[in-house]
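Numbered per the working numbering, the sequence shown spans residues 3 to 417. By construction, the Cβ of each residue, glycine as well, lies at the ideal position given by its N, Cα and C atoms. These numbers were taken from a predicted model, which means no experiment stands behind them.
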Amino acid sequence: MFIRSRFSRRAYPNTTPEANEMSATSPRPSPPFTNGGEGEKSVMRTVCGNTTAPDFMATSGRALTRLATVLIIMVAAGLAVSCASQPGTKTSALNRWRAENQNWRGVHLWLDNEKSAQELVKTLPGLAAAGANVVIVEVNYSFEFTGHPEMRNRHFVTRATAHQLAATARQCGIRLIPQFNCLGHQSFGGHIAPLLRQHPDFNETPSQSLTNKDMYCLSWCPRAPGLNDIVFSLIDDMADAFEADAFHVGMDEVYLIGTDECPRCRGANPAELFVAQVNALHDHIVGQRHLAMLMWSDRIIGTKYQGVSRFDTAQNDLSGAIDRIPHDIIQCDWHYEWKRSYPSVPYLTAKGFRVLACGFLPLKAALAFSEDTERRNDSHVLGYIATTWNETSITNSPAWPPIKEILPRWRDGGK
Ligand SMILES: [Zn+2]
């Protein structure tokens, strides 16, 4: 069965319908974790109003005095206030977030240009008011990389705005997590991402034409010499600018892996290639940078739970990877179709992974996934992420039904 694409043609006007198609099907997977603390009990708190950080800073001294008075009164009334200045280090901010939040109430947004990033700065207070305490921004190559500036897309988010987003998110009690798609998704429709444009030798399938209707998107070759050093540099630039304590590496919908066309990968077990890439990323992100690592779950739960894409081949079943990757990776388990139950969640938590249920549209399906997951009362379930895929503008996202109607259901204490 095929469902609407996660990749709206509004975002990629040149994307073909074929490239937009993806498989949708069933539920999912898995194991244990070492980065404890993500699911602690938290307290209810008042979320912020509509004051953005720049507006707040620009407020006159007299207004600040009035605001301070109001804050004192609110604190005296026993109310915690977010979207106010919260000084401290990244670690102290994370500890505060963990203490205040039991459940993740997340929003996933594409962020591929400076204008959108500025809109998000202004929208974060509204998202917090709608219940969000996590925002994942999928930036990919649309960033002001400094280590490898040749990897920037033509339109990109500046480092300065990334810092501004980080500061505003902290003030709003929101954990901001950047995302860079690894391995797969190295092309969209007729557009090849900078890595494979700059390094055609990194392409797992250089003969694949972007007009090939049986090809979803290109992958990089996980055995390409020198590739990981570049990727780690890009990740580091983003993690630093977004002041991140967690990083999402994508890894979804990898259909071209271990192909006969690649002299480095020919004959290799695709699952082993996938595992090697995940572990290399984990060594850097968790081992070296001490960040939490998130990834999409569709490849490791396999077709039994995710379903078969028309772009899948019998040779690239990666589900064997599930028992060979670190179990402290937070699994983002996405399903966009209505089902009576979503067994991939207990499959993943039984393996020891912490899991985020990631829904989208239609609202009926998103509600079903959220309710089925919440009903399990599984301590390894961290919460829920509303993926948006450009079906809402950033500015209007706080009022978008899948966010507005589902996130409050994951209020702490309501689980
Ligand atoms: Zn290869």
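Could you tell me the boundaries of the beta strand (DSSP E) in which residue i lies?
i      : result
Pro180 : 177-184
His284 : Counting along the chain, His284 falls outside any beta strand (DSSP E), though it belongs to the alpha helix (DSSP H) covering 272-284.
Ala359 : 357-361
Rounded to the nearest angstrom, how far is the Cβ of residue i from that of residue j, given a contact under 8 angstroms?
i      : j      : result
Pro272 : Gln317 : 7 angstroms
Glu116 : Thr163 : 6 angstroms
Arg107 : Asn135 : 5 angstroms
Cys223 : Glu245 : About 32 angstroms; that fails the 8 angstroms criterion.
Glu393 : Leu365 : About 11 angstroms separates the two Cβ atoms, so there is no contact after all.
Ser221 : Gly186 : 5 angstroms
Asn105 : Trp412 : 4 angstroms
Leu113 : Cys184 : 17 angstroms between Cβ atoms; not a contact.
Ile232 : Val280 : Not confirmed; about 17 angstroms, so no contact.
Cys360 : Thr389 : 5 angstroms
His140 : His110 : Note that residue 140 is Glu in the sequence shown here, rather than His. Yes, they are in contact, since the Cβ atoms of Glu140 and His110 sit about 7 angstroms apart, within 8 angstroms.
Ala171 : Val137 : 7 angstroms
Leu198 : Ser211 : Not confirmed; about 14 angstroms, so no contact.
By DSSP, does residue i sit in helix, in strand, or in coil?
i      : result
Ile324 : helix
Ala95  : helix
Asp238 : helix
Pro19  : Interpretation of Pro19 is limited by its pLDDT of 27, a score under 50 that renders its predicted location unreliable; the figure taken from the coordinates is listed afterwards. Three-state result, Pro19: helix.
Asp114 : coil
Val141 : coil
Tyr344 : coil
Asn205 : strand
Ile287 : helix
Met295 : strand
Trp106 : strand
Ile331 : coil
Ile408 : coil
Ala388 : strand
Val256 : coil
Leaving aside the five residues before and after residue i along the sequence, list all residues of the same chain whose C-beta is less than 8 angstroms from its C-beta, in chain order.
i      : result
Leu320 : Val256, Ile259, Pro272, Ala273, Phe276, Arg301, Ile302, Gly304
Thr160 : Glu116, Ala119, Glu146
Asp238 : Gly149, Arg291
Give every residue of the same chain whose Cβ lies closer than 7 angstroms to the Cβ of residue i, excluding the five residues on either side of it in the sequence, and list them in chain order.
i      : result
Ala241 : Pro180, Phe249, Arg291, Leu293
Val357 : Gln333, Asp335, Val347, Leu350, Thr351, His382, Val383, Leu384
Thr397 : Glu121, Thr125
Gly322 : Ala273
Phe58  : No answer about Phe58 holds up, because its pLDDT of 31 lies below 50 and its placement is not dependable.
Asp374 : Ser343, Tyr344
Ser118 : Ile396
Pro410 : Gly133
Pro202 : Pro208
Ala243 : Arg161, Ala164, His165
Specify, as a first and last residue, the run of the alpha helix (DSSP H) that residue i falls within.
i      : result
Ile396 : Counting along the chain, Ile396 falls outside any alpha helix (DSSP H), and DSSP gives it neither H nor E.
Tyr307 : 300-308
Phe249 : No alpha helix (DSSP H) holds Phe249; the beta strand (DSSP E) holding it covers 248-252.
Thr375 : 365-377
Ala168 : 161-173
Arg268 : Note, Arg268: premise wrong, no alpha helix (DSSP H); not H, not E.
Pro196 : 196-200
Within a Cβ cutoff of 6 angstroms, which residues of the same chain sit near residue i, ignoring the five residues on either side of it in sequence?
i      : result
Phe234 : His286
Val288 : Met295
Asp262 : Arg268
Tyr218 : Tyr257, Phe313
Ala226 : Phe204
Pro400 : Gly128, Leu129, Ala132
Ile194 : none
Phe371 : His337, Tyr344, Ala359, Gly361
Ala418 : There is no way to answer for residue 418, as the model of the chain reaches only from 3 to 417.
Would you say residue i faces chain B, with C-beta separation under 7 angstroms as the test?
i      : result
Thr351 : Annotation note: the requested chain B is absent from the structure, which comprises a single protein chain.
- Query: Around ligand 1, what residues have a beta-carbon under 6 angstroms from a heavy atom of it, in chain order?
  - Reply: Glu206, Cys223, Arg225, Cys264, Arg266, Cys267
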